[in-house]
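Structure record follows, encoded as structure tokens.
The following block contains the structure:
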């Protein structure tokens, strides 16, 4: 039996009455055409159901929305914020929660939240190990996925050690975006977890300290020092955004790249942005995985309307469509055991595109470290490698 908060039906009807016939300004990353198309579909659905005009404010980085809400609070704007709903997780959630920028205790009141079965799936109430306290509603699950060009390399690397060996034999054919790009930082976190001895990995799931950093980070820097000379442009220059990886793969400058949106790969092949020889796969030593969420800022102008949108995002219809490989390929956060047979049938999609990640990929999930590690990794990476790259970039311009 599903857990349903007391008084939910009458309380929810008041939310519907207040939230319909309104606008919702949804601040979300806009760097992937597939995801943008899915958000367009969401807008059509909530327009039909509630006459809500969902406006997608496309971000290059979620921190843009965080900064906006923080600026509004500093200016005393506590009731007419310009951000109604935000796609968020990890470090940005921790920062907003710390500064009191998010509305609390609303997510568990969504009728469809019960479909996540939170008692059996506590991950839907944790963001990078931090309790959400009802400030976020889960939206989907994703994991770091690698893809390669099989005309350039018949056997891709399946572990970090294999990647290092592969880079020696395939110099200049791999790179990662520099921090703070999400994919770049994700690669660094994956490497850090995999390289840290199991007896020390618990340190990564606690707030970062100098003492803990001195124990675990040297493993990462030693690996990168060996890897960087074999990267694209000999590791002297790093792209700024993850979309550049796909472009370099399309131009056949790279033979190996990665994404956190597995469905991005077959979609790009279908658009001829990537060659038909591209194949996706999961690393055998683990996949960095996380649940991503939507949140409502404390001063949102249309909070009731935002709740209607977030609730529809958790519907079986919306979750099943998002999981389709040709739509997004984002794994659902719903517990299918809570759904009716008709709803479960919505998820029975066959993935046949040859460049898609096989759903049978057997790779252990690597939980995201405590968000405090992100800032530390960014800072120390830039100190170790950033200044050198800036000098090299300046020399290239001068030449």
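Residue numbers (the numbering used here): -2 to 396.
The beta-carbon is built from N, C-alpha and C at its ideal position, and this holds for glycine as well.
Look up residue i in the DSSP assignment and give the residues it is bridged to.
| i | result |
| --- | --- |
| residue 137 | 289 |
| residue 78 | 297 |
| residue 144 | 254, 277 |
| residue 23 | 53, 82 |
| residue 127 | 124 |
| residue 331 | In DSSP, residue 331 forms no bridge with anything. |
| residue 99 | 294 |
| residue 284 | 362 |
Considering only C-alpha positions, which residue in the set the options is nearest to residue i?
| i | options | result |
| --- | --- | --- |
| residue 302 | 82, 276, 78 | 82 |
| residue 304 | 27, 147, 382, 51 | 51 |
| residue 34 | 121, 58, 319 | 319 |
| residue 188 | 175, 216, 197 | 216 |
| residue 124 | 144, 113, 331, 366 | 366 |
| residue 150 | 354, 24, 6, 251 | 251 |
| residue 99 | 17, 112, 269, 84 | 84 |
| residue 54 | 14, 322, 32, 72 | 32 |
| residue 144 | 265, 383, 43, 194 | 265 |
| residue 285 | 11, 105, 298, 180 | 180 |
| residue 43 | 228, 190, 351, 308 | 308 |
| residue 312 | 354, 343, 300 | 343 |
| residue 140 | 66, 247, 325 | 325 |
| residue 66 | 92, 126, 11, 210 | 92 |
| residue 23 | 13, 128, 37, 30 | 37 |
| residue 267 | 152, 353, 104 | 353 |
| residue 323 | 130, 156, 71, 263 | 263 |
| residue 272 | 152, 246, 120 | 246 |
| residue 121 | 204, 290, 377, 317 | 290 |
| residue 315 | 297, 299, 341 | 341 |
May I have the straight-line CA-CA distance separating residue i from residue j, to the nearest angstrom?
| i | j | result |
| --- | --- | --- |
| residue 178 | residue 62 | 16 Å |
| residue 391 | residue 233 | Note that residue 391 scores a pLDDT of 47, beneath 50, so its modelled location is shaky; the value from the coordinates is reported in the next line. Their Cα atoms are separated by approximately 11 Å. |
| residue 244 | residue 76 | 42 Å |
| residue 294 | residue 78 | 8 Å |
| residue 206 | residue 214 | 11 Å |
| residue 134 | residue 16 | 17 Å |
| residue 8 | residue 224 | 56 Å |
| residue 237 | residue 339 | 44 Å |
| residue 47 | residue 335 | 25 Å |
| residue 1 | residue 175 | Because the pLDDT of residue 1 is 45, which lies under 50, any placement of that residue in the model is unreliable, and the number read from its coordinates should be weighed accordingly. Taking the straight line from one Cα to the other gives about 45 Å. |
| residue 269 | residue 260 | 14 Å |
| residue 58 | residue 337 | 38 Å |
| residue 396 | residue 228 | The predicted model places residue 396 with a pLDDT of 39, which falls under 50 and marks its position as unreliable; any figure quoted below should be read in that light. Going by the C-alpha atoms only, they are around 22 Å apart. |
| residue 94 | residue 249 | 43 Å |
| residue 231 | residue 210 | 27 Å |
| residue 40 | residue 154 | 40 Å |
| residue 109 | residue 283 | 31 Å |
| residue 137 | residue 368 | 19 Å |
| residue 90 | residue 374 | 18 Å |
| residue 195 | residue 148 | 36 Å |
| residue 173 | residue 18 | 44 Å |
Check the C-beta distance from residue i over to residue j and give it rounded, since I have them as a contact under 8 Å.
| i | j | result |
| --- | --- | --- |
| residue 381 | residue 218 | 6 Å |
| residue 171 | residue 107 | Not really, about 42 Å apart at Cβ, beyond 8 Å. |
| residue 360 | residue 310 | Not quite, the Cβ-Cβ distance comes to about 27 Å (not below 8 Å), so this is no contact. |
| residue 86 | residue 287 | 6 Å |
Tell me which residue opens and which closes the alpha helix (DSSP H) that residue i is part of.
| i | result |
| --- | --- |
| residue 63 | 60 to 71 |
| residue 240 | 240 to 247 |
| residue 179 | 179 to 192 |
| residue 420 | The displayed coordinates of the chain run from -2 to 396. Any statement about residue 420 would go beyond what the structure contains. |
| residue 263 | 261 to 267 |
| residue 376 | 369 to 378 |
| residue 215 | 207 to 224 |
| residue 166 | 157 to 166 |
| residue 338 | 338 to 342 |
| residue 320 | 313 to 320 |
Go to residue i, then tell me how far its beta strand (DSSP E) extends in each direction, as first and last residue.
| i | result |
| --- | --- |
| residue 363 | 362 to 364 |
Taking only beta-carbon positions, decide if residue i is within less than 9 Å of chain C.
| i | result |
| --- | --- |
| residue 267 | Here there is only one protein chain, and chain C is not present. |
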